[in-house]
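Working notes, structure below.
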Amino acid sequence: MATKTILLLGFLGLVFSLALADHGPLQDFCVRDATSSVLVNGFACKDAKLVEAKDFHFSGLHLTGNTSNAVGSRVTPVTVAQVPGLNTLGISMVRIDIAPWGINPPHTHPRASEILTVLEGTVEVGFITSNPDNRLIMKVLQPGDVFTFPVGLVHFQRNVGNCNAVAIAGLSSQNPGTVTVANAVFGSKPDISSDVLGKAFQVEKNVIKQLQANF
Ligand SMILES: *[C@@H]1O[C@H](CO)[C@@H](O)[C@H](O)[C@H]1NC(C)=O
Numbered sequence: 004m005a006t007k008t009i010l011l012l013g014f015l016g017l018v019f020s021l022a023l024a025d026h027g028p029l030q031d032f033c034v035r036d037a038t039s040s041v042l043v044n045g046f047a048c049k050d051a052k053l054v055e056a057k058d059f060h061f062s063g064l065h066l067t068g069n070t071s072n073a074v075g076s077r078v079t080p081v082t083v084a085q086v087p088g089l090n091t092l093g094i095s096m097v098r099i100d101i102a103p104w105g106i107n108p109p110h111t112h113p114r115a116s117e118i119l120t121v122l123e124g125t126v127e128v129g130f131i132t133s134n135p136d137n138r139l140i141m142k143v144l145q146p147g148d149v150f151t152f153p154v155g156l157v158h159f160q161r162n163v164g165n166c167n168a169v170a171i172a173g174l175s176s177q178n179p180g181t182v183t184v185a186n187a188v189f190g191s192k193p194d195i196s197s198d199v200l201g202k203a204f205q206v207e208k209n210v211i212k213q214l215q216a217n218f
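Written as structure tokens, this is what we have:
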């Protein structure tokens with residue numbers, strides 16, 4: 004009898020831990036409750052009875068992003084920050100506008116893979132594999148073409164045409180996060196010491212100080 008009880012408890016423990024380990028939602032939805040101060044992995048759920056259509060809605064992806072900036076691109080995000088209903092669902096999307104010869108600079112999404120399609124223009128895309136190969140995998144995309152960026156890998160886009168480019172991308176997290184390489188490395192607050200970066204990039208410290216001044 005005691006053995007049976009122990010086995011049953013063990014089984015229940017396993018089921019419970021599997022349920023906790025499940026990365027998918029365990030209910031229809033868990034709309035972000037913006038008023039809750041509860042700290043969990045994600046956001047606390049709003050009372051399901053108070054959920055409305057607007058919690059799942061966003062308007063504005065038809066609008067061209069302002070690309071008048073140093074890199075010539077603009078990302079318009081639709082993540083859990085804009086759509087509370089995305090909380091726990093593991094998806095989000097963005098619109099990317101790129102001016103002629105502008106770039107979406109090298110960056111990674113620590114929590115998401117990305118699938119991108121070009122709606123307008125000609126866009127060169129690429130990602131770099133991890134150490135030790137650091138192989139650049141690159142392609143020029145036309146409207147209707149689709150490309151995938153695996154989770155965590157550094158990637159970029161460049162408009163290689165003479166008209167504006169528009170792309171839409173899906174991401175496998177409601178909160179994919181973005182680490183822009185140049186901003187993280189040369190624009191950290193406070194600065195990483197120029198000794199560290201000088202050795203890492205194999206250049207004189209004054210080159211590093213010049214780069215840091217740009218961010
Ligand atoms: C686009 O951004 C630039 C730089 O911030 C700004 O001067 C300009 O007014 C913006 N244009 C529009 C249409 O918002």
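Counting from 4, one number per residue, gives the positions in the sequence shown under the numbering used here. For each residue, glycine too, the CB sits at the ideal point set by N, CA and C.
Around the Cβ of H60, a 10 Å sphere holds fewer than 16 other Cβ atoms; the residue is exposed.
If you draw a straight line from the Cα of K49 to the Cα of D36, it comes to about 4 Å. For L144, the closest C-alpha among the options D136, I171, V154 is that of I171. Shown here, V128 sits in a strand according to DSSP, grouped into three states.
If you ignore the 5 residues before and after R114, its C-beta comes within less than 6 Å of the C-beta of S176, P179, G180, all in its own chain and listed in chain order. Ranked by how close their Cα comes to the Cα of Q215, the residues S197, K202, V206 have S197 in first place. Cβ neighbours of N186 within its own chain (closer than 7 Å, five residues either side excluded): F218. DSSP assignment within the region 133-164 yields the following whole beta strand (DSSP E) runs of 3 residues or more, N-terminal first: 139-144, 149-152, 158-162. When DSSP reads this structure, A168 sits in a beta bridge with I101.
Remark: the shortest separation between the CB of S71 and any heavy atom of ligand 1 falls under 6 Å. Looking at the DSSP output, C33 bridges to nothing. Of the residues K142, C33, G45, N167, the one whose Cα lies closest to the Cα of K52 is C33.
A straight line joining the alpha-carbon of N137 with that of V184 spans about 15 Å.
Between A168 and I101, the C-beta spacing is below 7 Å.
Where S76 is concerned, the enclosing beta strand (DSSP E) starts and stops at 76-81. Within the DSSP bridge table, the entry for E117 names F152, L174 as partners. Straight-line spacing of the CA atoms in V81 and G88 works out to 11 Å. Secondary structure note for N107: its beta strand (DSSP E) is the uninterrupted segment 106-111. In the three-state DSSP reduction, S196 falls in the coil class, being neither helix nor strand. A residue is called buried once 16 or more other Cβ atoms fall within 10 Å of its Cβ, and Q160 is buried on that count. Under DSSP, E123 forms a beta bridge with V169.
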